[in-house]
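Trainee:
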Amino acid sequence: QGLHGRHWQVGGVKFFMDGTVEGGTAWLEHADCHGRGTDAFWPDPEAYSQAVRTLDAAGVRTATHAIGDAAVRHVLDTVASLGARARMRHRIEHIETVPDDQLGRFAQLGVIASMQPPHTAYTRADHSDEWSKRLGPDRAARAWRCRDLREAGAVLALGSDWPIAH
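Under our numbering, think of the first position of the sequence shown as 300, with each following residue one higher.
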């Protein structure tokens with residue numbers, strides 16, 4: 300944290316809580332239509348939580364890739380576990396699907412919702428795309444909830460996710 304060179308600087312640590320919906324590796328609260336997605340990327344999610352607690356205590360902010368609803372919930376639970384001693388504003392990347400009961404927690408916990416609108420180009424309104432079919436209509440309807448998060452008081456950071464999305 301704070302280290303830098305002429306063309307670089309360290310501003311935090313990025314973690315991956317899950318993978319992608321299309322690949323069946325997003326951490327979901329309920330399996331996708333192929334019966335996949337119920338496991339975290341981390342073999343022991345508590346180890347992730349401990350790493351975030353250690354980094355926060357050292358004054359290092361984190362950004363965590365969390366696409367599935369279970370991954371998002373776990374990251375929010377981890378930040379909540381920091382309690383009043385939290386030193387840094389942490390960020391969740393992607394947040395492709397999030398349940399209603401988690402929307403307000405972003406503002407409550409001061410977690411930045413970092414989302415990438417170009418990813419929405421891969422879905423269709425009629426849910427006939429692979430992403431929507433894997434999740435099913437209910438979860439697909441809770442996709443990329445930028446407006447809902449903003450209305451719930453969250454700070455949104457929007458980006459391109461280049462070169463992954465273009």
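By construction, the Cβ of each residue, glycine as well, lies at the ideal position given by its N, Cα and C atoms.
Whole angstroms is fine: what's the gap from R444's alpha carbon to P436's?
Mentor: Position 145 of the sequence shown, counted from the start, is the residue given in the question as residue 444. Position 137 of the sequence shown, counted from the start, is the residue given in the question as residue 436. Distance between the alpha carbons of R444 and P436: 15 Å.
Trainee: For L457, does the count of other Cβ atoms within 10 angstroms reach 16, so buried, or fall short, so exposed?
Mentor: Counting from one through the sequence shown, the residue named residue 457 turns up at place 158. Burial call: exposed.
Trainee: Measuring CB atoms only, is the stretch 345-363 touching the stretch 395-405, in the sense that at least three cross pairs come out at less than 8 Å?
Mentor: Touching, no.
Trainee: Bridge partners of T337, per DSSP?
Mentor: Your numbering for residue 337 matches position 38 in the sequence shown. In the DSSP output, where bridge partners are listed per residue, T337 has none listed.
Trainee: If you reduce the DSSP assignment to three classes, tell me which class Q415 lands in.
Mentor: Against the sequence shown, residue 415 aligns to sequence position 116. Coil at Q415, not helix or strand.
Trainee: Which residue comes first and which comes last in the beta strand (DSSP E) that contains R390?
Mentor: Here residue 390 is taken as the residue at index 91 of the sequence shown, counted from 1. Unbroken beta strand (DSSP E) run through R390: 390-393.
Trainee: Given a threshold of 16 other Cβ atoms within 10 Å of its Cβ, counted over all protein chains shown, does R386 qualify as buried or as exposed?
Mentor: Along the sequence shown, read from residue 1 onward, the residue named residue 386 stands at position 87. Under this definition R386 is an exposed residue.
Trainee: Alpha carbon to alpha carbon, how far is K313 from R441?
Mentor: Numbered from its first residue, the sequence shown carries residue 313 at position 14. Numbered from its first residue, the sequence shown carries residue 441 at position 142. Approximately 25 Å between the Cα atoms of the pair.
Trainee: Kindly identify the DSSP beta-bridge partner or partners of A365.
Mentor: Residue 365 sits at position 66 when you count from the first residue of the sequence shown. Answer is H393.
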